[in-house]
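Single-structure report; data block below.
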Amino acid sequence: MSKPTIDCVQKADAQLGETPLWDAARGVLWWIDIERPTLWRLDLATGKASALEQPGTYLGSLALTRSGRHLIARDLSLLLLDPGTGATEPFAETPGEAMPDTRLNDGRVDAKGRLWIGTMDNGLTDGRGGFYRVDPDGAVAAIFGDVIVSNGIAFDPDGRHMYFTDTRRYITYRLTLDASGERVENREIFADYSATGDRPDGACVDADGCLWQAFFGGGKVVRYARDGRIDREIALPVSNPTCLCFGGRDLRTLFVTSATKFLTPDQLAAEPLAGSVLAIDGVGQGVPECLFGA
1 MSKPTIDCVQ
11 KADAQLGETP
21 LWDAARGVLW
31 WIDIERPTLW
41 RLDLATGKAS
51 ALEQPGTYLG
61 SLALTRSGRH
71 LIARDLSLLL
81 LDPGTGATEP
91 FAETPGEAMP
101 DTRLNDGRVD
111 AKGRLWIGTM
121 DNGLTDGRGG
131 FYRVDPDGAV
141 AAIFGDVIVS
151 NGIAFDPDGR
161 HMYFTDTRRY
171 ITYRLTLDAS
181 GERVENREIF
191 ADYSATGDRP
201 DGACVDADGC
211 LWQAFFGGGK
221 VVRYARDGRI
231 DREIALPVSN
241 PTCLCFGGRD
251 LRTLFVTSAT
261 KFLTPDQLAA
271 EPLAGSVLAI
281 DGVGQGVPEC
291 LFGA
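Under UniProt numbering, the sequence shown has 266 at position 266, and the numbering climbs by one with no breaks.
Dropping the structure here:
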């Protein structure tokens, strides 16, 4: 297996960079800084990056849509955003009133155009969060609760299985969906780090059906074979990789966002690329991102 190459494609100092998504229609990479709520656009052809700052406290997640707009998660609300003008339109609300001090976090769209997204406890300790399915008509269905930090949502190419991580329980689950793909029939542990405290974060699935996952505080991304074995591990020049996606020509570049959050001044000095966007080539091929909408 050839040695991968790792490059920095956007030097940044994101507090909590997250949710990179390859927009094949525009040929650009989108990503967000959650805690300095900003939507970033990176044109790989020119290297030009532009920022669209958002109101609110957190910009928790991002999804591409069939209309060309973005579906963004701002605090506990979902909004449609025009990336050209910055104009937003309310779309849906998640039931956060009963669970104070929570916000929306990681999400991903399935093959039928539905968004699966979770909430999390801002204190990172209690099971205040939940997991939801958001349909194209704006209906929100609760899937399960008792989640500390929703993360790592990715879909198996077979359409019947998905992955879900509770980062602060240190567990990644493999979920089996029913025939309609609307409900979870079974939840089993796929990877358990509760004994070590390793923090699995954002994830994506490649063309071979293998799960790629970033480890916050672990300075690495790993690939799991379909049976749960780690068959590839790539060390990174940042301690806090957060999420990843395949993109670029033929979906053969693995993009990784990162964070400066929790790093000490000494660590920041030693990690000049902390908070930047990295690109890894030579590790395989991804699958196209699904688009939200009917």
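Idealized CB from N, CA, C, for every residue including glycine.
Just so we're clear, the structure is a prediction, and the values are computed from it rather than from any experiment.
Secondary structure note for Leu79: its beta strand (DSSP E) is the uninterrupted segment 77-81. Of the residues assessed, Gln54 falls on the buried side of the cut-off, its CB having 16 or more other CB atoms within 10 angstroms. For Arg69 against Leu81, the beta-carbon gap comes to about 6 Å, under 8 Å, which counts as contact. Shown here, Asp266 sits in a helix according to DSSP, grouped into three states.
DSSP, reduced to helix, strand and coil, places Arg174 within a strand of the structure shown. Counting every other CB atom within 10 Å of its CB across the protein chains shown gives Leu124 a total below 16, marking it as exposed.
In the DSSP annotation of this structure, Ala207 is not part of any beta strand (DSSP E), being labelled neither H nor E. In the DSSP assignment, Pro288 is bridged to no other residue. Only residues of its own chain outside the window of five on either side were considered, and among them Leu29, Trp30, Trp31, Cys243, Leu244, Cys245, Gly247, Phe255, Val256, Thr257, Val277 have a CB closer than 8 Å to the CB of Pro20, listed in chain order.
Looking only at Ala111, Asn122, Gly118, the smallest Cα-Cα distance to Asp101 is reached by Asn122. Residue pairing by DSSP puts Glu93 in a beta bridge opposite Ser77.
The residues Gly130, Phe131, Val184, Arg187, in chain order, have a CB closer than 8 Å to that of Phe144 in the same chain once the five nearest residues on each side in sequence are set aside. For the segment 180-250, the full-length beta strand (DSSP E) segments reaching 3 residues or more read 184-192, 199-205, 211-216, 220-224, 230-235, 241-247 along the chain. Ranked by Cα distance from Gln213, the first of Arg174, Thr176, Gly152 is Gly152. Of the residues assessed, Gly197 falls on the exposed side of the cut-off, its CB having fewer than 16 other CB atoms within 10 angstroms. Under the three-state reduction of DSSP, Arg168 is assigned to helix. Cβ neighbours of Arg133 within its own chain (closer than 7 Å, five residues either side excluded): Arg114, Trp116, Ala141, Ile143, Glu182. In the structure shown, Met99 adopts coil according to DSSP, grouped into three states.
An exposed status is given to Arg249, since fewer than 16 other beta-carbon atoms sit within 10 Å of its beta-carbon.
Residue environment for Ile189: exposed (fewer than 16 other C-beta atoms within 10 angstroms of its C-beta).
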